[in-house]
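Enquirer:
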Amino acid sequence: MIVDSPTRLDDALRALERLGDRCQVIAGGTDLMVEYESGRTRPGPVLDIWRIDELRGIDDRDGTLRIGALTSCSTLRADPRVPDILRDAAHEVGAEQIRNRATIGGNLGTASPAADLVPVLFALGANIRLISRNGTRELPVTDFITGYRSTARRPDELIESIAIPERAPNEFRGFRKVGTRRAQSISKLVVAIAITCDDVVTAVASGAGSVAPHTIPLPALASELVGHPLEPERIRAAARKSARQDVKPIDDVRSTGDYRRQVLARVVTRILDDASGRVDRSRNTPTR
Numbered sequence: 165m166i167v168d169s170p171t172r173l174d175d176a177l178r179a180l181e182r183l184g185d186r187c188q189v190i191a192g193g194t195d196l197m198v199e200y201e202s203g204r205t206r207p208g209p210v211l212d213i214w215r216i217d218e219l220r221g222i223d224d225r226d227g228t229l230r231i232g233a234l235t236s237c238s239t240l241r242a243d244p245r246v247p248d249i250l251r252d253a254a255h256e257v258g259a260e261q262i263r264n265r266a267t268i269g270g271n272l273g274t275a276s277p278a279a280d281l282v283p284v285l286f287a288l289g290a291n292i293r294l295i296s297r298n299g300t301r302e303l304p305v306t307d308f309i310t311g312y313r314s315t316a317r318r319p320d321e322l323i324e325s326i327a328i329p330e331r332a333p334n335e336f337r338g339f340r341k342v343g344t345r346r347a348q349s350i351s352k353l354v355v356a357i358a359i360t361c362d363d364v365v366t367a368v369a370s371g372a373g374s375v376a377p378h379t380i381p382l383p384a385l386a387s388e389l390v391g392h393p394l395e396p397e398r399i400r401a402a403a404r405k406s407a408r409q410d411v412k413p414i415d416d417v418r419s420t421g422d423y424r425r426q427v428l429a430r431v432v433t434r435i436l437d438d439a440s441g442r443v444d445r446s447r448n449t450p451t452r
């Protein structure tokens, strides 16, 4: 196995060109090393980017929060500038030892359908910045995830950072994960929703994992809710419609497709009910 472990970003980008299309990029290693040990991935040239500090850190300026690709889940969890639902999701990633190594860029790059952070990035409207020796490009996270464990990253690119736009006025967010245990479990289902609402719903952004071959949005929620008050019956109708139309869950060792559909409807309802309660309270108390 060929392993290159640069300490500078420019050296890493040169190494990508040298190692070729079969090169596998490793950050914290919490996913790829498991794939190697199980035999599901054949070792090829490896680019270990863990020591590149240029890809770490959180910067908040001009209304945009930019998170370096090598920022760990532990760092996300501890930083109050990070949106609450992303901090909650980061806390759900494995045990503390895993969170110290697992990175936001790695969670994106592996594109697992059960990824905990990716649905939250869908709901937050995040953009992914990719960098190569030819420059940078940025695209919505919904375009970055292209299929089962596949992304729009080109062989000569690295994920540089993730940009999260400023929270909209009257925007309410929720995150829920369902696993076999309360902690240290792979998701049976994970859902994140951001909803903007005053008298009526004006915008809905969402992401769901473990219900399709890759993380997906839930478009039925927006079609049912936008333009209407956030009322109990409409919430339940939207949740049921999303469970019927948006998801394509499978039976596997962790759960069944039917269970996932039923639980999705209940989890979505719970998130939206909570948002509705906060909408009511916000009419008297300004929301930060």
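Numbered per our numbering, the sequence shown spans residues 165 to 452. Where a beta carbon is used, it is the ideal one built from N, C-alpha and C, also for glycine. These numbers were taken from a predicted model, which means no experiment stands behind them.
(1) Where S169 and L322 are concerned, what is the direct C-alpha to C-alpha distance, given to the nearest angstrom?
(2) For N271, count neighbouring Cβ atoms within 10 angstroms of its own Cβ and tell me buried if that reaches 16, exposed if not.
(3) DSSP puts P329 in a beta bridge; with which residues?
(4) Skipping 5 residues on each side, what residues in its chain have a beta carbon closer than 7 Å to that of P393?
(5) Can you look up G273 in the DSSP assignment and give me helix, strand or coil?
(6) Does the stretch 243-257 come close enough to the stretch 306-321 that 3 or more CB-CB pairs lie under 8 Å?
(7) Give every residue of the same chain whose Cβ lies closer than 7 Å to the Cβ of D223, excluding the five residues on either side of it in the sequence, and list them in chain order.
(8) Please state the DSSP three-state secondary structure of D362.
(9) By a C-beta neighbour count over all protein chains shown, 10 Å radius and 16 as the cutoff for buried, is G343 buried or exposed?
(10) Could you check the C-alpha separation between R430 and L177 for me, to the nearest Å?
(11) For the beta strand (DSSP E) containing D307, name the first residue and the last one.
(12) DSSP state of V257, grouped into three classes?
(13) D168 bridges to which residues according to DSSP?
(14) Based on the DSSP output, what are the partners of E395 in its beta bridges?
(15) On the criterion of 16 or more Cβ atoms from any shown chain inside 10 Å, does A259 qualify as buried, or is it exposed?
(16) With contact counted as at least three CB pairs below 8 Å, one residue from each stretch, are the stretch 360-379 and the stretch 280-293 in contact?
(17) For A356, which residues in the same chain have their Cβ closer than 6 Å to its Cβ, ignoring the five residues on either side in sequence?
(18) In the structure shown, what three-state DSSP assignment does G289 receive?
(19) Under 8 Å, do R317 and G289 count as touching if we go by C-beta distance?
(20) Work out the CA separation of I399 and R443 for me, nearest whole Å.
(21) Going by DSSP in three states, K405 sits in which element: helix, strand or coil?
Expert: Put simply:
(1) Locating residue 169 in the sequence shown gives position 5, counting from the first residue. Locating residue 322 in the sequence shown gives position 158, counting from the first residue. About 14 Å.
(2) In the sequence shown, the residue the question calls residue 271 occupies position 107. With 16 or more other Cβ atoms within 10 Å, it is buried.
(3) Sequence index remark: in the sequence shown, residue 329 carries index 165 (1-based). Paired residue(s): T228.
(4) Position 229 of the sequence shown, counted from the start, is the residue given in the question as residue 393. Cβ neighbours of P393 beyond the five flanking positions: D363 and V364.
(5) Within the sequence shown, residue 273 is the residue found at index 109, counting from 1. Helix, per DSSP.
(6) no
(7) Working through the sequence shown from its first residue, we reach residue 223 at position 59. Within the same chain, D223 has close Cβ partners R230.
(8) Position 198 of the sequence shown, counted from the start, is the residue given in the question as residue 362. DSSP places D362 in coil when its eight states are reduced to three.
(9) Counting from 1 along the sequence shown, the entry for residue 343 is found at position 179. Buried.
(10) Residue 430 sits at position 266 when you count from the first residue of the sequence shown. Residue 177 sits at position 13 when you count from the first residue of the sequence shown. Whole-angstrom Cα-Cα distance: 45 Å.
(11) As a first step, residue 307 is located in the sequence shown; it is residue number 143 there, counting from the start. First-last for D307: V305 to F308, but that is the alpha helix (DSSP H), not the beta strand (DSSP E).
(12) The residue given as residue 257 occupies position 93 in the sequence shown. Coil, per DSSP.
(13) To locate residue 168, count along the sequence shown from 1; it is residue 4. D168 pairs with L211.
(14) Here residue 395 corresponds to residue number 231 of the sequence shown, with the count starting at 1. None; E395 has no bridge partner.
(15) By one-based count along the sequence shown, residue 259 stands at place 95. When all chains shown are included, A259 counts as exposed.
(16) yes
(17) Position 192 of the sequence shown, counted from the first residue, corresponds to residue 356. Closer than 6 Å at the Cβ level, and outside the excluded window around A356, lie I249, P283, V284, A287, F339 and G371.
(18) Position 125 of the sequence shown, counted from the start, is the residue given in the question as residue 289. Residue state, collapsed to three classes: coil.
(19) Numbered from its first residue, the sequence shown carries residue 317 at position 153. Numbered from its first residue, the sequence shown carries residue 289 at position 125. Result no, Cβ atoms of R317 and G289 do not sit closer than 8 Å.
(20) Here residue 443 is taken as the residue at index 279 of the sequence shown, counted from 1. Here residue 399 is taken as the residue at index 235 of the sequence shown, counted from 1. The sequence shown places Val at residue 443, not Arg. Approximately 14 Å between the Cα atoms of the pair.
(21) Sequence index remark: in the sequence shown, residue 405 carries index 241 (1-based). Helix.
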